[in-house]
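A quick write-up on the structure given underneath.
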Amino acid sequence: MSAEGGTTGYIQHHLTNLAVCADSAKVDGVCTGFWTFHFDTLLVSGVLGLVVFGLMAMLASRATSGVPSGGQNFVEMVVGLVDQQVRDTFHGKSALVTPLAITIFVWVFVMNAMDLVPVDFLPIVAQKVSGNEHLPFKFVPTTDPNLTFAMSISVFFIMLWMNIKVKGVGGFLHEVFSAPFGAKLAPVNFIFRVVEDIAKPISLALRLFGNMYAGEMVFILIALLGLYQLPLALPWELFHILIITLQAFVFMMLTIVYMSMAAESH
Amino acid sequence: MNINATLIGQAIWFALFIWITMKYVWPPLQKAMADRQTQIAEGLAAAERGKNEQELAAKRSAEALREAKEKSSELVAQAEKRAQQIVEEAKGAAKVEADKVVAGAKAEIEQEVERAKQQLRERVAELAVAGAEKILRKEINASVHADMLGALKQDL
């Protein structure tokens, strides 16, 4: 615990992303403006994704229909769980929905699981590697709204694409303007639809971000308790195992539901 | 909470991982799982078939056993009948033979009796002649038969 700035400083330091940007975009040496990249979020989420999806692709390429190996069995179990949810909820035919759901569940799960790493461990490693003792490093990517919004907005566009693919542009527009109150109230229908569809990515992103941010916050607060953190950190970690799985599942499940709504005409 | 270009980077990561899953993770796994399911279904069906066949075979073998038992008992009955018949036939043949022997013996005995009788008859005549001779020799003397002889003489 690097305690300069006291408790508030410690907390703020842990909730700051490692931002990088062009020198011209800096104001007082701080990156502001849109063209800023959160290096820590991009790095951790990318490395985690590459490792876990690379591993899954490797195991999948060796998959046999015979008795599966331990690794294949585990991947099949996870993938089968997601596929079952998709089958139960999504009744259309799409080669995209199941891979999308698998990607969301696995990726969000491993990123959330970074929460279980002690709060100071990776930041200290990053500070030692970079040689900058004040380097901020927020290593739970899902506590960065940029990530959750990137995912939910991607899901939103896939949803639009699915709508148009299944119903055609005309069918989609007809649905937007005529459901739920009929063609006579087209403007009302349109407003309803816009609010409904905008709410989807926002709620998806904020739910995940809020839960993980709050969880991380509690970890940071526990870490401030000195020796007392020991009896507290463990139960919170155990409890958090539930939350990270649940949040990954909820994000996946809602995505499937949105896809199935997009693929069915009202 | 500041939204910035990280959003774009994360969207690219997300798209990349979706693509990896869609191309390299899900299809082979889906295929392996579907193939396994088919294999299991086939195995179960084969087991069911095998069970049915086994039941059928058991039925068939029981049938065969029953038939064989029936046949064997039939054979035994037939053999018994045949044996009885043979015994009957032998009995009949023996009786006929015995009758023949008895009849032959009887005929021979009768013949023998007849011959004996014949011989006796012949002997009786001889004896009678001999007896008569003896009687005649004894009776015939001139004094007794003088009258008869005298009469004969007269006739001459």
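Residue numbers (our numbering), protein chains in the order written: chain P, 988 to 1253; chain Z, 11 to 166. Note that CB positions come from ideal geometry on N, CA and C, so glycine has one too. From a predicted model like this one, the values you see are computed outputs, not experimental measurements.
Check	Outcome
Start and end residues, beta strand (DSSP E) containing Val1093(P)	Segment 1084-1100 is the alpha helix (DSSP H) holding Val1093(P); no beta strand (DSSP E) there.
Neighbour-count burial assignment, Thr1085(P), 16 or more Cβ in a 10 Å radius	buried
Proximal chain P residues relative to Gly19(Z), where beta-carbon distance stays under 7 Å	Phe1024, Leu1029
Residue from Lys163(Z), Ile18(Z), Ile119(Z), Glu120(Z) with nearest C-alpha to Phe1026(P)	Ile18(Z)
Phe1179(P) - containing alpha helix (DSSP H), residue span	1173-1210
Ser1032(P) and Pro1128(P) closer than 7 Å at C-beta	yes
Asn1133(P) to Ile22(Z) span [Cα, whole Å]	12 Å
Where Ala93(Z) falls: helix, strand or coil (DSSP)	helix
Any chain Z beta carbon closer than 7 Å to Pro1086(P)	yes
Close Cβ partners of Val1205(P) (< 8 Å) along its chain, the five nearest in sequence each way excluded	Trp1223
At least three beta-carbon pairs within less than 8 Å, the stretch 1151-1169 of chain P to the stretch 1218-1238 of chain P	no
Buried versus exposed call for His940(P) [16 or more other C-beta atoms within 10 Å across all chains shown]	Only positions 988 to 1253 of chain P appear in this structure, which leaves residue 940(P) out of reach.
Contact set for Phe1143(P): own chain, Cβ-Cβ below 6 Å, skip 5 residues either direction	Pro1188
Cβ of Ala56(Z) within 7 Å of any chain P Cβ	no
Integer Cβ distance of Glu1203(P) from Thr1135(P), believed to fall under 8 Å	No, Glu1203(P) and Thr1135(P) are not in contact; Cβ-Cβ is about 13 Å, not under 8 Å.
Local conformation of His1227(P) per DSSP, three classes	helix
Strand pairing of Thr1023(P), partner residues [DSSP]	Cys1008(P)
Exposed unless 16 or more other CB atoms sit within 10 angstroms - verdict on Ala990(P)	Note that Ala990(P) scores 46 on pLDDT, short of 50, meaning its location in the model is unreliable and no value can be drawn from it.
Cβ of Ala1192(P) within 7 Å of any chain Z Cβ	no
Opposing strand residues paired with Val1014(P) [DSSP bridges]	Val1017(P)
Candidates Phe1126(P), His1000(P), Lys1080(P), of which the one nearest Ser1247(P) by Cα	Lys1080(P)
Residue from Val1095(P), Val1182(P), Leu1214(P) whose Cα sits closest to the Cα of Ile1231(P)	Val1095(P)
As assigned by DSSP and simplified to three states, the class of Thr994(P)	helix
Per-residue contacts from Thr1090(P) into chain Z (C-beta, under 7 Å)	Phe27, Ile28, Thr31
Chain-ordered residues of the stretch 1116-1141 of chain P with a beta carbon less than 9 Å from chain Z	Pro1128, Asp1131, Pro1132, Asn1133, Leu1134, Thr1135, Phe1136, Ala1137, Met1138, Ile1140, Ser1141
Short Cβ contact (7 Å threshold) for Phe27(Z) with Met1138(P)	no
With 16 other Cβ atoms within 10 Å as the buried cut-off, status of Lys1125(P)	buried
Span separating the alpha-carbon of Met988(P) from that of Phe1040(P)	Caution applies to Met988(P), whose pLDDT of 44 falls short of 50 and renders its modelled position unreliable; the model cannot decide the point.
Contacts that Arg46(Z) makes with chain P (C-beta to C-beta distance below 7 Å)	Ser1052
Amino acids of chain P, ordered along the chain, whose beta-carbon sits closer than 7 Å to that of Ala42(Z)	Ala1050, Thr1051, Ser1052
Burial state of Lys144(Z), where buried means 16 or more other Cβ atoms lie within 10 Å	exposed
Residue range of the alpha helix (DSSP H) that includes Ile13(Z)	Element bounds for Ile13(Z): n/a, residue is neither H nor E.
Proximity of Ala1149(P) and Ala1249(P) at Cβ, strictly below 7 Å	Looking at the sequence provided, one finds Met at residue 1149(P) rather than Ala. Yes, they are a contact pair.
Expected contact under 8 Å - CB spacing of Ile1207(P) and Ile998(P) to nearest Å	6 Å
Beta-carbon separation (whole angstroms), Gln1059(P) vs Leu1046(P), contact threshold 8 Å	5 Å
For Lys1013(P) and Lys33(Z), the rounded distance between their alpha carbons	41 Å
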